[in-house]
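Working notes, beginning with the structure itself.
There are 2 protein chains.
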Amino acid sequence: MGIEKIGIVGLGLMGGSLALALRKKYQNIKIYGYDHNSEHAEEARELGLVKEVVDDYSKLDMCDVIFLATPIDGSIEILQNLSNIKKETTIVDLGSTKALISNTTPSTIRENLVAAHPMTGTEKSGPSASFETLYAGKTVVLCDINKSGEKQQKLAQKIFTDIGMKIVYMDSKEHDRHAAYISHMPHAISYALANSVMKQEDPRSIIALAGGGFRDMSRIAKSSPKMWSGIFKRNKEHILESIESFKNELEKCEKFIENEEWDLLQAWMKEANKLHDIL
Amino acid sequence: MGIEKIGIVGLGLMGGSLALALRKKYQNIKIYGYDHNSEHAEEARELGLVKEVVDDYSKLDMCDVIFLATPIDGSIEILQNLSNIKKETTIVDLGSTKALISNTTPSTIRENLVAAHPMTGTEKSGPSASFETLYAGKTVVLCDINKSGEKQQKLAQKIFTDIGMKIVYMDSKEHDRHAAYISHMPHAISYALANSVMKQEDPRSIIALAGGGFRDMSRIAKSSPKMWSGIFKRNKEHILESIESFKNELEKCEKFIENEEWDLLQAWMKEANKLHDIL
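Respectively, the protein sequence lines represent chains A and B.
So for the first sequence, the working numbering puts the first residue at 291; every next one is plus one.
So for the second sequence, the working numbering puts the first residue at 291; every next one is plus one.
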């Protein structure tokens, strides 16, 4: 398949973990990294995530594949600046919203781009959060795949499969709506849950009682505000729609409690149990 | 400390796991079980959770300690019927709301009762969900402890410590309010999240994208509707208050997104991050 050199822009959790997974799989490959935060770049090199870092992402143009593991606004800008990339090069964007990237990439390099969203991550960020198995066994969504060149499609499919991912195909707009429900809105809920407890008179006494349920529900409230406010900005309409849908359900629950309609409350809970027949 | 016989009423996840933990710790003890669901009782015996089951909980009156691992309404009724229990016997109620139990137990046996809430559990229920380490390393809240007799206090403290729990003391009403925030309201959120996704046109396509965040956030939406509607019924006011507080935070998030106030959104997320300095 001819992969000799891979470039990774953004050496945080996603980019750093990808470097580790790729090196494990492809022993003879050279991986070049870039991060606009020079401390992160140096840290990634010291941690051995990448062997070599470059001081400008344009220097990655000699790579067969360039992964963009950067916040969405960064990726959009980078794609504008890579508009002279070679015809054969594959660029894989890994951001959490896809329609904007898919539609704003310069048409001259649209076939170079594969718009991907790996459905994985943790609440941690930065190079030191990276680990080799972040991607293994997880799903990656490839969006608007017919807009990518044939070579680029095949290369991206091969790499994601090689690092153990399951591939799902989707229209980018449909992806953004689905991602709002399954990932973005749950982050809003987790942040709101954490804040509602923190606002109480004595949060320490409340939090002393935390069991596994609360820990799980509040874990993603540790996530990076910078990254997530960026995602909310770029998927505004779908996130607002999904929050409304969630509030609507929560308000049903409230009404059943207020009206002491315990049978209706139980039936509503039983509906929710059904999620796990398909999850 | 003179513990020879222990009775457990309710042989589901909580009671069954307690039996396993107790037998591990106290090898020479006899554990008697009761469950009003005779199939559950038989299953618990077959699984080896208890060696002997009785057909009426009143027959547990020869035990040194009786644990009530039953839904709250069941426990209230049982306590009414145990009002002739011996002065030395310890009864430990393990339910999720405590003020009602603490205040409705007949005064003749109030000193027998220790009102406890172990802050542990899983989304599973029934005897087969039991496992030995459910309680280990977790927190148990002892409520209105001065209303328990001295002997009963000491015995409960010893047992919970012996099975590896950390003890916290709290007024029962304060407990109920705290438990609403840290446990009950998060269950309402998880059920609402599951239902909001299930109501979409194509839930399977959305759920196919589920990563770790959504799995964690929706895990407790598998929990027993019967048990949780009972808890919501018995902690109505505090749960409604905590849902309001949560909605208030979620609506701040919504407003920031609607108004495109990204800096305020980020600041709000940063507040939520602080939870994890104390959790």
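From the three backbone atoms N, C-alpha and C, an ideal C-beta is built for every residue, glycine too.
Check                                                                                                                                                                                                      : Outcome
What in chain E is Cβ-close to leucine 530 of chain B, meaning under 8 Å?                                                                                                                                  : Given the protein chain composition of this structure (A and B), no chain E is represented.
For the segment 492-506 of chain A, which residues have a CB atom closer than 9 Å to at least one CB atom of chain B, in sequence order?                                                                   : Asp492, Pro493, Arg494, Ser495, Ile496, Ile497, Ala498, Leu499, Ala500, Gly501, Gly502, Gly503, Phe504, Arg505 and Asp506
Go ahead and label asparagine 371 of chain A buried or exposed: buried means 16 or more other beta carbons lie within 10 angstroms of its beta carbon, across all protein chains shown.                    : exposed
Give every residue of the same chain whose Cβ lies closer than 6 Å to the Cβ of methionine 460 of chain A, excluding the five residues on either side of it in the sequence, and list them in chain order. : Val431 and Cys433
Specify the secondary structure class of glutamate 378 of chain A as computed by DSSP and reduced to three states.                                                                                         : coil
What does a CB cutoff of less than 7 Å around lysine 572 of chain B pick up in its chain, not counting 5 residues either side in sequence?                                                                 : The structure shown has nothing for residue 572 of chain B, since chain B only spans 291 to 569.
Quick one: using the 10 Å Cβ neighbour count with 16 as the cut-off for buried, is glutamate 294 of chain B buried or exposed?                                                                             : exposed
Is the number of C-beta pairs between the segment 323-330 of chain B and the segment 546-555 of chain A that are closer than 8 Å three or more?                                                            : no
Taking DSSP as the reference, what is the three-state secondary structure of lysine 489 of chain B?                                                                                                        : coil
Under the DSSP definition of a beta bridge, which residues are partnered with alanine 498 of chain A?                                                                                                      : DSSP output for alanine 498 of chain A lists no bridge partner at all.
Can you name the residues of chain B whose CB is closer than 7 Å to the CB of valine 431 of chain A?                                                                                                       : Leu499
Going along the segment 470-487 of chain B in order, which residues come within less than 9 Å of chain A, judged by CB to CB distance?                                                                     : Tyr471, Ile472, Ser473, Met475, Pro476, His477, Ala478, Ile479, Ser480, Tyr481, Ala482, Leu483, Ala484, Asn485, Ser486 and Val487
Taking 8 Å as the threshold (beta carbon to beta carbon), is valine 458 of chain A in contact with chain B?                                                                                                : yes
Could you tell me whether the Cβ atoms of isoleucine 479 of chain A and methionine 507 of chain B are closer together than 8 Å?                                                                            : yes
Which of the three DSSP states is assigned to tyrosine 481 of chain B in this structure?                                                                                                                   : helix
Please specify which runs of the alpha helix (DSSP H), each continuous and at least 4 residues long, are wholly inside the segment 414-488 of chain A, giving them in chain order.                         : 440-452, 462-469 and 475-488
In chain order, what residues of the same chain have a beta carbon less than 6 Å from the beta carbon of glycine 297 of chain A, not counting five sequence neighbours either side?                        : Tyr322, Leu350, Cys353 and Ile356
In chain order, what are the residue ranges of uninterrupted alpha helix (DSSP H) at least 4 long that sit wholly in the segment 317-383 of chain A?                                                       : 328-336 and 362-371
Just checking: is the beta-carbon of glycine 323 of chain B within a distance shorter than 8 Å of some beta-carbon in chain A?                                                                             : no
Interface residues of chain A around serine 508 of chain B at Cβ under 9 Å?                                                                                                                                : Pro476, Ala562, Leu565, His566 and Leu569
Flag glycine 411 of chain A as yes if its beta-carbon sits less than 8 Å from any beta-carbon of chain B, otherwise no.                                                                                    : yes
With C-beta atoms as the reference, is glutamate 401 of chain A less than 8 Å away from serine 438 of chain A?                                                                                             : yes
Measuring only the C-alpha atoms, how far is serine 328 of chain A from aspartate 345 of chain A?                                                                                                          : 8 Å
Return no unless some Cβ of chain B is closer than 8 Å to the Cβ of proline 515 of chain A.                                                                                                                : yes
Measuring straight from C-alpha to C-alpha, what distance separates leucine 312 of chain A and lysine 537 of chain B?                                                                                      : 43 Å
Which residues, in chain order, does the segment 360-371 of chain A contribute to contact with chain B at a C-beta distance below 7 Å?                                                                     : none
Note down, in chain order, every chain A residue with its Cβ under 8 Å from the Cβ of methionine 304 of chain B.                                                                                           : The contacting residues do not exist; methionine 304 of chain B stays about 12 Å from chain A at best.
With a cut-off of 8 Å, does the C-beta of leucine 384 of chain A fall near any C-beta of chain B?                                                                                                          : no
Determine, using beta carbons only, whether leucine 308 of chain B comes closer than 8 Å to chain A.                                                                                                       : no
For serine 519 of chain B and chain A, any beta-carbon pair shorter than 8 Å?                                                                                                                              : yes
Starting from serine 535 of chain B, find everything on chain A with Cβ-Cβ shorter than 8 Å and list it in chain order.                                                                                    : Ser486, Lys489 and Gln490
Mind reading off the beta-carbon distance from serine 513 of chain A to histidine 477 of chain A? Whole number of angstroms is fine, and I expect it under 8 Å.                                            : 6 Å
On the three-state DSSP scale, how would you describe lysine 526 of chain B?                                                                                                                               : helix
Would you mind sorting glycine 454 of chain A into buried or exposed? The rule is 16 or more other CB atoms within 10 Å of its CB.                                                                         : exposed
Just to confirm the assignment, what range does the alpha helix (DSSP H) spanning glycine 411 of chain A have?                                                                                             : Careful: glycine 411 of chain A lies outside any alpha helix (DSSP H) and carries neither H nor E.
Verify whether the separation of the beta carbon atoms of methionine 304 of chain B and glycine 411 of chain B is less than 8 Å.                                                                           : yes
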